[in-house]
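Line by line, the protein sequences are chains H and D. Count the first sequence with the working numbering and you get residues 2 to 368, in order. Count the second sequence with the working numbering and you get residues 2 to 99, in order. C-beta atoms are modelled at their ideal positions from N, C-alpha and C, and glycine is treated no differently. Take a look at the structure below.
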Amino acid sequence: MMTNGYAVPSPKPLHNPLGLLAELTHRCPLGCPYCSNPLALDRREDELDAATWARVFREAAGLGVLQVHLSGGEPASRRDLVDVMAAARDAGLYTNLITSGVGVTDQRLRELADAGLDHVQISIQDSEPKSSDLIAGYEGAYARKRGLAVAVVALRLPLTVNIVIHRANIGRIDELVAMALDMGALRVEIAHVQYYGWALKNRAALMPTRQQVEEAVARIEPLRKQHHSRIVIDAVVPDYYARFPKPCVGGWGRRSLNVTPAGRVLPCHAAESIAGLEFWSVKDHSLREIWECNPAFNAFRGTSFLPEPCQSCERRDIDFGGCRCQAFALTGDARATDPVCHLSPQHHVVEEQAAVREDATYVYRRL
Amino acid sequence: MNTPATAPSIPPNARPRLPRGVRLVHNEAQGGWVLLAPERVFKADQIAAEIVKRCTGEASFEAIVNDLAVTFAAPRERVETDVATLLRGLADKKLLDL
């Protein structure tokens, strides 16, 4: 069976998905230039209603999903956020609110906590307030994020602080971790930009130098030692300067799925950037039908589609040849070895693109 | 594997509990017990699950060790070492309050 040129391998044995990224809305007050949302954003009038989300959460739990990440856009842009979260909790899922920190009032946070919210992740753009607001494209965002963190900690909700790293803040890794500690976070994500969606569009303005990246990466272990047992530091490696690719989303259609605001189900948030794949909607199918039968989910399942050098590589079952979206974006072929890998015959593309750095103004992400 | 000399010590009267945001659940589809935490999922084997189930904030460390030693008819010293190692590891990862 073929679908738009991609061979569909036999879909067994299937893994159970562990995590569901629920993009409740693409609306967001911020305009971060590295936003991982697609350039073509879903409109408000196309958003799933709360009852449909409740069904999706029940179906997800039935598939084996354990955790739901309520994200966006800014999930608090939805007035029914508390109802949506409560429905996920009722389905037995672990609920993680991923927020910009702008739009969640103290009152709403209390309602979320009372309804069983498990965890809050606040993104913050920099430890310097002015720089943070400039990156977010929103005056006063930094202060509001810090304010929400105080409210989260006061309610004894566990807090993760997420900081996306790029040229404008890469020299402040120590200060960023210190800020997360000061905010009362139990966990901090030092996440180097991954170049999809808006980030790909802004790549030249965001890309750090190799030296900056090496210095930033070298800070992580000393900081982990210094703050051991006070805060967990998780680091997302900078793709373009890596030797090997990341095992993107734990493998295509293997461990996680993503539902867009309008209800399309994807193996990862960037999957729609790959031309020629047709994604099904929860409006027409159950989540199980989609997970098991949507040809787009089967297109890159397993490793049989991979070319050399992946096929005979000892890391084949570790990283699955890397990221399909990145392979497509940089080589035009979604089946290719992720060119981030130094063994890829097209690795030079990554090196060339990493060398393109311009102090251009950001193209802010706007609906 | 773990000698008492290198095992982390936990006060006998400590009352370990899972903090908000960490939950132990049983899930058929995932094949057993799992510990759910912020952005993380840990598979818990039967023994780990039996230990974590007892971390309610009510039982003391000493009582948990005694209970497990009796329930599983195992040497108390060995149980204490295993439990202390697991709990200290969880606490270091912010998955347990001691």
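What in chain D is Cβ-close to residue i, meaning under 8 Å?
{"i": "Leu64 (chain H)", "result": "Ala30"}
{"i": "Leu377 (chain H)", "result": "Any property of residue 377 (chain H) remains undetermined from this structure, which presents chain H solely from 2 to 368."}
{"i": "Val233 (chain H)", "result": "Lys94 and Lys95"}
Would you give the residue range spanned by the beta strand (DSSP E) that residue i belongs to?
{"i": "Ile48 (chain D)", "result": "First-last for Ile48 (chain D): Gln47 to Lys54, but that is the alpha helix (DSSP H), not the beta strand (DSSP E)."}
{"i": "Thr210 (chain H)", "result": "Note, Thr210 (chain H): premise wrong, no beta strand (DSSP E); not H, not E."}
{"i": "Asn259 (chain H)", "result": "Ser257 to Val260"}
{"i": "Arg24 (chain D)", "result": "Arg24 to Asn28"}
When DSSP builds the beta bridges, which residues end up paired with residue i?
{"i": "Glu190 (chain H)", "result": "H:Asn163 and H:Asp235"}
{"i": "Tyr95 (chain H)", "result": "H:Gln68"}
{"i": "Lys44 (chain D)", "result": "D:Val35"}
{"i": "Ile123 (chain H)", "result": "H:Thr100 and H:Val162"}
{"i": "Thr57 (chain D)", "result": "D:Arg18"}
{"i": "Glu24 (chain H)", "result": "H:Ser72"}
{"i": "Arg302 (chain H)", "result": "DSSP lists no partner for Arg302 (chain H)."}
{"i": "Leu267 (chain H)", "result": "H:Asn259"}
{"i": "Ser282 (chain H)", "result": "H:Arg265"}
{"i": "Asp98 (chain D)", "result": "D:Arg18"}
By the DSSP assignment, the alpha helix (DSSP H) with residue i in it spans what residues?
{"i": "Arg145 (chain H)", "result": "Ala142 to Ala155"}
{"i": "Arg325 (chain H)", "result": "Arg325 to Thr332"}
{"i": "Asn67 (chain D)", "result": "Phe62 to Thr72"}
{"i": "Ala85 (chain D)", "result": "Arg77 to Asp93"}
{"i": "Pro130 (chain H)", "result": "Pro130 to Ala137"}
{"i": "Glu290 (chain H)", "result": "Leu288 to Cys294"}
{"i": "Trp199 (chain H)", "result": "Gly198 to Lys202"}
{"i": "Val350 (chain H)", "result": "His348 to Ala355"}
{"i": "Arg109 (chain H)", "result": "Asp107 to Asp115"}
{"i": "Asp240 (chain H)", "result": "Asp240 (chain H) -> no alpha helix (DSSP H), and no H or E assigned at all."}
{"i": "Ile174 (chain H)", "result": "Ile174 to Asp183"}
{"i": "Arg317 (chain H)", "result": "Arg317 to Asp320"}
List the residues of chain H whose Cβ lies closer than 8 Å to the Cβ of residue i, in chain order.
{"i": "Arg24 (chain D)", "result": "Tyr95 and Asp119"}
{"i": "Arg55 (chain D)", "result": "Simply none; closest approach about 21 Å."}
{"i": "Val93 (chain D)", "result": "Note that residue 93 (chain D) is Asp in the sequence shown, not Val. The answer, in chain order, is His229 and Ser230."}
Quick check on this structure: which residue in the options has the alpha carbon closest to the alpha carbon of residue i?
{"i": "Ile319 (chain H)", "options": "H:Val350, H:Ser128 and H:Gly252", "result": "H:Gly252"}
{"i": "Leu113 (chain H)", "options": "H:Asp84, H:His193, H:Asp127 and H:His286", "result": "H:Asp84"}
{"i": "His27 (chain D)", "options": "D:Val84, D:Asp46 and D:Arg89", "result": "D:Asp46"}
{"i": "Gln108 (chain H)", "options": "H:Pro130, H:Leu156 and H:Ala356", "result": "H:Leu156"}
{"i": "Leu201 (chain H)", "options": "H:Leu40, H:Cys314 and H:Trp292", "result": "H:Leu40"}
{"i": "Asp115 (chain H)", "options": "D:Arg21, D:Ala15 and D:Pro17", "result": "D:Arg21"}
{"i": "Thr106 (chain H)", "options": "H:Ala152, H:Val178, H:Lys284 and H:Leu94", "result": "H:Ala152"}
{"i": "Thr161 (chain H)", "options": "D:Gly33, D:Glu29 and D:Ala38", "result": "D:Ala38"}
{"i": "Gln354 (chain H)", "options": "H:Ala330, H:Leu368 and H:Tyr365", "result": "H:Ala330"}
{"i": "Ala142 (chain H)", "options": "H:Gly102, H:Ile164 and H:Leu118", "result": "H:Gly102"}
{"i": "Asn14 (chain D)", "options": "D:Gly90, D:Leu87 and D:Asn67", "result": "D:Asn67"}
{"i": "Leu118 (chain H)", "options": "D:Arg16, D:Val23 and D:Leu97", "result": "D:Val23"}
{"i": "Ile11 (chain D)", "options": "D:Ala50, D:Lys94 and D:Asp83", "result": "D:Asp83"}
{"i": "Ala236 (chain H)", "options": "H:Phe306, H:Ala217 and H:Ile191", "result": "H:Ile191"}
{"i": "Glu216 (chain H)", "options": "H:Leu182, H:Ile166 and H:Arg265", "result": "H:Ile166"}
{"i": "Met189 (chain H)", "options": "H:Ser78, H:Arg111, H:Ala179 and H:Ser37", "result": "Inspection of the sequence shows that residue 189 (chain H) is occupied by Val rather than by Met. When each option's Cα is compared against that of Val189 (chain H), the closest is H:Ala179."}
{"i": "Thr86 (chain D)", "options": "D:Ala60, D:Ile52, D:Ala64 and D:Ala70", "result": "D:Ile52"}
{"i": "Leu49 (chain H)", "options": "H:Leu21, H:Arg79, H:Gln68 and H:Gly20", "result": "H:Arg79"}
Cβ closer than 7 Å: which chain H residues qualify as neighbours of residue i?
{"i": "Arg16 (chain D)", "result": "Result: empty, since nearest Cβ-Cβ is about 17 Å, beyond 7 Å."}
Which chain D residues are close to residue i, counting only those with a beta carbon under 7 Å from its beta carbon?
{"i": "Gln68 (chain H)", "result": "Leu37 and Val42"}
{"i": "Arg157 (chain H)", "result": "Arg21"}
{"i": "Thr161 (chain H)", "result": "Pro39 and Glu40"}
So residue i contacts chain D; which residues on that side make the cut at Cβ distance below 9 Å?
{"i": "Arg111 (chain H)", "result": "Ordered by position in chain D, no residue passes the 9 Å Cβ test against Arg111 (chain H), which lies about 14 Å from the chain."}
{"i": "Leu187 (chain H)", "result": "Pro20, Gly22, Pro39 and Lys95"}
Any beta carbon from chain B within less than 8 Å of residue i's own beta carbon?
{"i": "Ile99 (chain H)", "result": "No chain B appears in this structure, whose protein chains are H and D."}
Quick check: is any heavy atom of the ligand MN less than 7 Å from the C-beta of residue i?
{"i": "Val121 (chain H)", "result": "The ligand MN is absent from the structure shown, which contains no ligands of any kind."}
Contact between the segment 333-347 of chain H and the segment 242-249 of chain H (3+ Cβ pairs under 8 Å): A contact between stretches requires three or more CB pairs, one per stretch, nearer than 8 Å, and the segment 333-347 of chain H meets this requirement with the segment 242-249 of chain H.
Touch test, the segment 172-183 of chain H against the segment 300-308 of chain H, Cβ-Cβ under 8 Å, three pairs minimum: Touching, no, given that fewer than three Cβ pairs across the two stretches are closer than 8 Å.
The segment 58-68 of chain H in contact with the segment 278-293 of chain H per 3-pair CB rule at 8 Å: Contact holds: three or more Cβ-Cβ distances are below 8 Å.
Touch test, the segment 196-211 of chain H against the segment 223-233 of chain H, Cβ-Cβ under 8 Å, three pairs minimum: At 8 Å Cβ cutoff, the stretches do not touch.
The segment 249-265 of chain H touching the segment 357-364 of chain H, judged by at least three CB pairs closer than 8 Å: Contact between the segment 249-265 of chain H and the segment 357-364 of chain H is absent, because fewer than three Cβ pairs lie under 8 Å.
Inter-stretch contact at 8 Å, needing at least 3 Cβ pairs: the segment 269-287 of chain H / the segment 324-338 of chain H: With a cut-off of 8 Å, the segment 324-338 of chain H and the segment 269-287 of chain H count as touching, because enough Cβ pairs lie within range.
At least 3 beta-carbon pairs within less than 8 Å: the segment 27-36 of chain H vs the segment 130-141 of chain H: Yes, they touch.
Segment contact, 8 Å Cβ cut-off, at least three pairs: the segment 89-102 of chain H with the segment 69-81 of chain H: Under the 8 Å Cβ criterion, the segment 89-102 of chain H counts as touching the segment 69-81 of chain H, having at least three qualifying pairs.
Inter-stretch contact at 8 Å, needing at least 3 Cβ pairs: the segment 49-58 of chain H / the segment 260-270 of chain H: At 8 Å Cβ cutoff, the stretches touch.
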